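*Asks:* Count along the sequence shown starting at 1, add 436, and that's the number in this note's numbering. So that we are looking at the same thing, I have put the structure below in C-alpha cells.
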Amino acid sequence: MSSQPALKSHRSEGSTTTVVRVGPVQFGGGSYPVIAGPCAIESDAQMMRTAEIVSRNGASMLRGGAYKPRTSPYSFQGLGPEGLRILQKTGQATGLPTISEVMEPGDVDLVASHVDMLQVGSRNMQNFPLLCAVARSGKPVLLKRGLAATVDEWLLAAEYILDGGNTQVVLCERGIRTFETRTRNTLDIGAVPVVKALSHLPVIIDPSHASGRRDLIVPFALAGRAVGADGIMVEVHDEPDRALSDGPQQLDAAGFDRLMEALGIVAVREDIDRIDRQILRLLAQRLSHSVEIGQAKTARGLPLHSPGREAEILAGLTAEAEGSGLDPLVVRALFETILHQSRRAQRRALSPLAAAAGGSRAGA
Numbered sequence: 437m438s439s440q441p442a443l444k445s446h447r448s449e450g451s452t453t454t455v456v457r458v459g460p461v462q463f464g465g466g467s468y469p470v471i472a473g474p475c476a477i478e479s480d481a482q483m484m485r486t487a488e489i490v491s492r493n494g495a496s497m498l499r500g501g502a503y504k505p506r507t508s509p510y511s512f513q514g515l516g517p518e519g520l521r522i523l524q525k526t527g528q529a530t531g532l533p534t535i536s537e538v539m540e541p542g543d544v545d546l547v548a549s550h551v552d553m554l555q556v557g558s559r560n561m562q563n564f565p566l567l568c569a570v571a572r573s574g575k576p577v578l579l580k581r582g583l584a585a586t587v588d589e590w591l592l593a594a595e596y597i598l599d600g601g602n603t604q605v606v607l608c609e610r611g612i613r614t615f616e617t618r619t620r621n622t623l624d625i626g627a628v629p630v631v632k633a634l635s636h637l638p639v640i641i642d643p644s645h646a647s648g649r650r651d652l653i654v655p656f657a658l659a660g661r662a663v664g665a666d667g668i669m670v671e672v673h674d675e676p677d678r679a680l681s682d683g684p685q686q687l688d689a690a691g692f693d694r695l696m697e698a699l700g701i702v703a704v705r706e707d708i709d710r711i712d713r714q715i716l717r718l719l720a721q722r723l724s725h726s727v728e729i730g731q732a733k734t735a736r737g738l739p740l741h742s743p744g745r746e747a748e749i750l751a752g753l754t755a756e757a758e759g760s761g762l763d764p765l766v767v768r769a770l771f772e773t774i775l776h777q778s779r780r781a782q783r784r785a786l787s788p789l790a791a792a793a794g795g796s797r798a799g800a
C-alpha cells in the first residue's frame with residue numbers, strides 16, 4: 437500500500453512563513469506589500485498616470501493585465517504583448533516591480549521576460565499544464581484561489597508549482613462564489629488564518645475582486661490585515677469610470693490615498709503593539725538579571741544595595757533622555773519604578789536571611 441508524500445505546501449512543526457522576494461519587495465516575515473494598478477493596461481499614458489498615483493502613495497508593486505480572461509467574448513481582452521511592453525516600461529520608469537497574469541503555458545516565457553512576478557488567475561487555478569509551466573519559469577508566482585475551490589484544492593494547486601522546483605509562491609484569496617449578490621464575490625476572510633495555520637506560504641487578499649465595489653475596498657482590506665494577511669492586491673485606475681474593464685471596483689487617486697492612510701494607521705498601531713511586547717520581554721529579562729546579581733552578591737557576602745550604581749544608571753538615562761527628545765523627569769520616574777521592582781524581585785528570590793541582611797534596599 438503506497439503512502440502519500442508529505443505536502444510541500446504544508447507547514448511542518450516549528451516552521452516559519454516562507455519569505456517570497458520580488459526584487460526589494462518581501463511577502464511574509466512581517467512585511468505588508470501593497471500591489472496596485474489597473475485591471476487592464478489600456479495605453480502608455482493611462483498606465484503611467486496610474487503608476488505615478490500608486491507609486492506616490494506608497495505601493496510596493498505595480499499590477500496590470502495584458503491578457504484578460506473575460507466572462508464575455510465581447511469584453512475588452514487586453515493588449516497582449518503590447519500591454520506587456522507598456523507594463524515593463526512603466527515599471528522601469530517608476531522603480532516598481534511588476535506583476536501580470538499569464539493564461540496559457542505557451543505564453544509563460546513571453547510574460548516572464550517582461551514582468552517580475554507571474555500571476556495565475558482564479559479561472560486557471562487548476563490549469564495544471566500552466567502551473568507546471570510557471571514552476572519552470574523561475575519567477576515568483578501569485579496563485580489566486582479558484583471561484584469554487586476549497587482550501588485543500590487551492591493548496592494542492594500550489595503543490596504543482598512547489599513540486600516543480602519553484603518555492604517562491606504567494607497565495608491570494610480573491611473571493612469565492614456564493615449565493616450572495618450584493619458583492620461580486622464573497623471574501624472568505626476565515627480562509628486566511630486557516631491557510632496560515634496549514635501552510636508556510638504567504639497569503640494576501642484581493643479586496644477589489646472580492647467586493648466588486650470600490651466603497652468596500654477599505655473595510656475588506658482592513659479585515660484582511662486584522663486576520664493576518666501578508667499583503668493586498670488592489671485595482672487602481674486614473675479614471676476608473678472610463679476604464680475598459682472592471683471600473684466599479686477600481687479606486688481613483690483619492691480612494692487609493694484613503695486606503696493607504698487607513699492601512700498606515702493600522703501598521704503604526706501594530707508597530708506600537710510589537711514595541712510594547714518587546715518592552716515587556718526586556719523588563720522580564722532585566723528582572724531576571726537583577727535576581728542573578730543579588731544571588732551572586734549574597735553568595736560572596738557583599739551588600740545587595742548599591743546606591744552609587746543606581747545613581748549612575750539614573751544619571752546616564754536622564755542625560756540620554758534629553759538627547760532623545762524625552763522628558764528627563766518622566767524617564768527618571770519610570771526607571772526609579774523599574775529599580776524598585778528589581779529590588780522587590782530580589783527580595784522574593786532570596787532567602788529570608790539574605791533578604792534581612794540586605795535590608796529593604798537591595799541593589800539594582
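Each residue gets a CB set at the ideal place from its N, CA and C atoms; glycine is no exception. Nothing here was measured: the structure is a model prediction, and the numbers come from that model.
Kindly indicate which residue of 467, 754, 514 has the alpha-carbon position closest to the one of residue 699.
*Replies:* By alpha-carbon distance to residue 699, the top candidate from 467, 754, 514 is 467.
*Asks:* Taking buried to mean at least 16 other C-beta atoms within 10 Å of its own C-beta, is residue 495 buried or exposed?
*Replies:* buried
*Asks:* Going by beta carbon distance, what residues of the same chain come within less than 7 Å of residue 684, once the five residues before and after it are set aside?
*Replies:* 648, 649, 650
*Asks:* Please classify residue 482 as buried or exposed, where buried requires at least 16 other C-beta atoms within 10 Å of its C-beta.
*Replies:* buried
*Asks:* Give the DSSP-derived three-state secondary structure of residue 575 in the structure shown.
*Replies:* Coil, per DSSP.
*Asks:* Would you list the one or two residues that DSSP bridges to residue 457?
*Replies:* 462
*Asks:* Does residue 772 pass the burial test, meaning 16 or more other C-beta atoms within 10 Å, or should it be called exposed?
*Replies:* Residue 772 should be labelled exposed.
*Asks:* Which word fits residue 448, buried or exposed, when buried means at least 16 other C-beta atoms lie within 10 angstroms of its C-beta?
*Replies:* exposed
*Asks:* Can you have a look at residue 474 and say buried or exposed, based on whether 16 or more other CB atoms are within 10 angstroms of its CB?
*Replies:* buried
*Asks:* Three-state secondary structure (DSSP) at residue 584?
*Replies:* coil
*Asks:* So for residue 499, helix, strand or coil by DSSP?
*Replies:* strand
*Asks:* First and last residue of the alpha helix (DSSP H) that includes residue 524?
*Replies:* Per DSSP, residue 524 belongs to the alpha helix (DSSP H) from 517-530.
*Asks:* Runs of 3 residues minimum, wholly inside the stretch 619-682: which ones carry the beta strand (DSSP E) assignment?
*Replies:* 639-641, 668-671
*Asks:* Within the chosen definition, does the stretch 536-546 reach the stretch 495-515 through at least 3 CB pairs nearer than 8 Å?
*Replies:* yes
*Asks:* Within the continuous alpha helix (DSSP H) that includes residue 473, where are the two ends?
*Replies:* Segment 470-473 is the beta strand (DSSP E) holding residue 473; no alpha helix (DSSP H) there.
*Asks:* When DSSP labels each residue in this structure, what does residue 790 get in the three-state scheme?
*Replies:* Residue placement at residue 790 cannot be trusted, given a pLDDT of 48 that sits under 50; the coordinates are not used to answer.
*Asks:* Answer with buried or exposed for residue 552, where buried requires no fewer than 16 other C-beta atoms within 10 angstroms of its C-beta.
*Replies:* buried
*Asks:* According to DSSP, what are the bridge partners of residue 778?
*Replies:* Paired residues: none, contrary to the question.
*Asks:* Which same chain residues end up closer than 8 Å to residue 635 when comparing Cβ atoms and leaving out the 5 residues on each side of it in sequence?
*Replies:* 445, 446, 447, 591, 594, 607
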